[in-house]
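All remarks here apply to the structure that follows.
In my numbering, the protein residues as written are 568 to 706.
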């Protein structure tokens, strides 16, 4: 027999079963874990961007025709310094844009949490008439 927690504040309230409560808790935990993963990846990308900037700054001081090597996997590939500067600049740009993308994803996690909370509020006493629509851009 399953037990059900009910709210009797109004006739529009719906009961929340233990299964539904656990589903909500699991949803929050999943969002929190995803947010932590995004934060970790973002930190790694910022470090990578700084490292690329340091290497690029050093490479720009070299003569354009000087031989340089870049490690790709386990292989060293020969380049001219001028070629490597272009490659590093493009790589830095991609890392920067990916960092921005992850930052935006991270910014929307509170919005996702609010959507999850609003979907439940109609069942909580005192919130029955509250709108379940959440707009983070509404002033």
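No residue lacks a Cβ here, since even glycine has one placed at the ideal position from N, Cα and C.
Note that this is a predicted model, so its numbers are computed, not measured.
Per DSSP, what are the beta-bridge partners of residue i in this structure?
i: residue 596; result: Answer by DSSP bridge pairing: none, since residue 596 is not bridged.
i: residue 649; result: Bridge partners of residue 649: none, in fact.
i: residue 642; result: 639
According to the Cβ coordinates, are residue i and residue j closer than 8 Å?
i: residue 662; j: residue 612; result: yes
i: residue 670; j: residue 609; result: yes
i: residue 620; j: residue 633; result: no
Taking its Cβ as the centre, do 16 or more other Cβ atoms sit within 10 Å of residue i, making it buried, or is it exposed?
i: residue 643; result: exposed
i: residue 563; result: Here the chain covers residues 568 to 706 and nothing more, so residue 563 does not appear.
i: residue 585; result: exposed
i: residue 651; result: buried
Helix, strand or coil for residue i, going by three-state DSSP, please let me know.
i: residue 698; result: The pLDDT assigned to residue 698 is 49, lower than 50, so where the model puts this residue is not dependable, and the model offers no usable value.
i: residue 637; result: strand
i: residue 628; result: coil
i: residue 705; result: Residue placement at residue 705 is flagged as unreliable, the pLDDT there being 48, under the threshold of 50; a coordinate-derived value is accordingly withheld.
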